[in-house]
Amino acid sequence: MSQTPTGDSGRGTGDRQTGALGRVATAATAVVAVLLLGACESDDEPAAPSSEVASPGDSAPATPHRGERQVTVDGAQRRYHVVIPPGEATLPAVVALHDAGNTVDGMQEVTQLDRAAARHGFAAVFPAATTEAKRTWNAGFCCGAGPSAGVDDMAFLDAVLEELAAEERIDADRVHLAGVSNGAVMAYRYACARAERVAGVGAVAGTMNPDTCQPSAPVPVVEIHGTADEVVPFEGGAMPDFVQATRPAMGAEALAARWAELNGCAAEPTVSGEPPVTRTRWQGCDAQAGVQLIAIEDAGHTWYAPEFGAVQGAVDATAEIVRFLGLDG
517 MSQTPTGDSG
527 RGTGDRQTGA
537 LGRVATAATA
547 VVAVLLLGAC
557 ESDDEPAAPS
567 SEVASPGDSA
577 PATPHRGERQ
587 VTVDGAQRRY
597 HVVIPPGEAT
607 LPAVVALHDA
617 GNTVDGMQEV
627 TQLDRAAARH
637 GFAAVFPAAT
647 TEAKRTWNAG
657 FCCGAGPSAG
667 VDDMAFLDAV
677 LEELAAEERI
687 DADRVHLAGV
697 SNGAVMAYRY
707 ACARAERVAG
717 VGAVAGTMNP
727 DTCQPSAPVP
737 VVEIHGTADE
747 VVPFEGGAMP
757 DFVQATRPAM
767 GAEALAARWA
777 ELNGCAAEPT
787 VSGEPPVTRT
797 RWQGCDAQAG
807 VQLIAIEDAG
817 HTWYAPEFGA
827 VQGAVDATAE
837 IVRFLGLDG
């Protein structure tokens, strides 16, 4: 990653589109060459694209504690990075899963979730996929080297969440998952199998295997997806060969509708907005576990942020996820 965003707003104007994920945002033709798939619901108005920007009178948030931790899984050392705002209050957490081939540092840079955590008062956790699997997640039916390497990323996330539950400042009932691309697929896999541990999911450019998704409890879900995604097609279907998926992608609309069904939501969603951004919301769900699909017309396969231009920046994915999960208070 070439530049670190500057300023106290949590958003910078530097080259935050660096690395495997970011280069996709700059050129649609780079998608296949660069990514290995790189790989709660509210009735309020949509989050403003620049919600992380402080007004001139705002003071900068206190410096959070940052640290790297390790857990042993199947005899191997796995690592994750934690950002915890100072203080004594019990906090919710967001566990953010990077895209394939990316790093913990790269995920922090492209999402700015660490700065959002400092500003809004939640813990941000960034697990790292293994180099053995070429920094890809074993999301079951995909992606890249993750499944073929046989790395047990479910056990890794179990260990991370168990350590978070033991952290006296982390509220174990408010641990959410976020992810992009391969990381989003991994987030869905985990939420499907460990719903009792997941307070909500915020996914960007994701898909899942509906045949293996039988959550034990409702899970609030927001999926943010570009209609011109060439890696995980918005409409679903075959993904590029390099993804090494064993089944076609589930389309974004079908995915959201499936979660609405699993969550016992009202049959008919409401649709709002005009291109380039359309929002489909399912409400009246069990345990208030709402579902939302944010579709971005002509946007490709990337994390979306205002500084990425008129198309990729039509939505601020970080602000949308933070707001949907109820962490912006």
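In my numbering, the protein residues as written are 517 to 845.
Using N, Cα and C, we set each Cβ at its ideal position, and we do this for glycine too.
This one's a predicted model, so the numbers in the text were calculated from it and none came from an experiment.
According to the DSSP assignment, residue 777 belongs to the alpha helix (DSSP H) that extends over 768-778.
In this chain, the beta strand (DSSP E) harbouring residue 642 covers 639-643.
For residue 665, same chain residues with a beta-carbon under 6 Å away, outside a window of 5 residues either side, are 648, 649 in chain order. Excluding residues up to 5 positions away in sequence, 752 lie with their Cβ nearer than 7 Å to the Cβ of residue 770 in the same chain. Under the DSSP assignment, residue 691 falls in the beta strand (DSSP E) whose first and last residues are 686-696. Taking a cut-off of 8 Å on C-beta distances, the segment 668-680 does not touch the segment 617-637, as fewer than three cross pairs fall below it. Residue 798 has 807 as its beta-bridge partners, per DSSP.
If you check the CB distance, residue 720 and residue 744 do not come in under 9 Å. Between residue 623 and residue 696, the C-beta spacing is below 9 Å. If you draw a straight line from the Cα of residue 830 to the Cα of residue 618, it is about 23 Å long.
If only uninterrupted alpha helix (DSSP H) runs of at least 4 residues are considered, those enclosed by the segment 693-742 are 698-709.
Of the candidates 581, 701, 726, 598, the residue whose Cα lies closest to the Cα of residue 658 is 701. Listed in chain order, the non-local C-beta contacts of residue 733 below 6 Å within the same chain comprise 711, 712, local neighbours out to five positions each way being set aside. With respect to the 9 Å criterion, residue 834 and residue 819 are classified as neighbours on the basis of their beta carbons. According to the DSSP assignment, residue 651 belongs to no beta strand (DSSP E), since it is labelled neither H nor E. Leaving aside the five residues that flank residue 584 on each side, the residues in its chain whose CB is nearer than 7 Å to its CB run, in chain order, 595, 597. The distance from the Cβ of residue 698 to that of residue 735 is about 19 Å, inconsistent with a contact at the 8 Å cut-off. In the three-state DSSP reduction, residue 598 falls in the strand class (E or B). No Cβ-Cβ contact shorter than 9 Å links residue 645 with residue 599. DSSP, read as helix, strand or coil, puts residue 588 in strand. Taking the Cα positions, residue 682 is about 43 Å away from residue 814. Rounded to whole angstroms, residue 607 and residue 726 show a C-alpha spacing of 32 Å.
In the DSSP annotation of this structure, the continuous segment of the alpha helix (DSSP H) that includes residue 680 starts and ends at 669-682. By DSSP's assignment, residue 841 forms no beta bridge with any residue. In this structure, the beta-carbon distance from residue 837 to residue 691 does not fall below 9 Å. For residue 626, the enclosing alpha helix (DSSP H) stretches over residues 620-627. In this chain, the beta strand (DSSP E) harbouring residue 608 covers 607-613. For residue 764, there is no enclosing alpha helix (DSSP H), as DSSP marks it with neither H nor E. Residue pairing for residue 788: DSSP places it in a beta bridge opposite 795.
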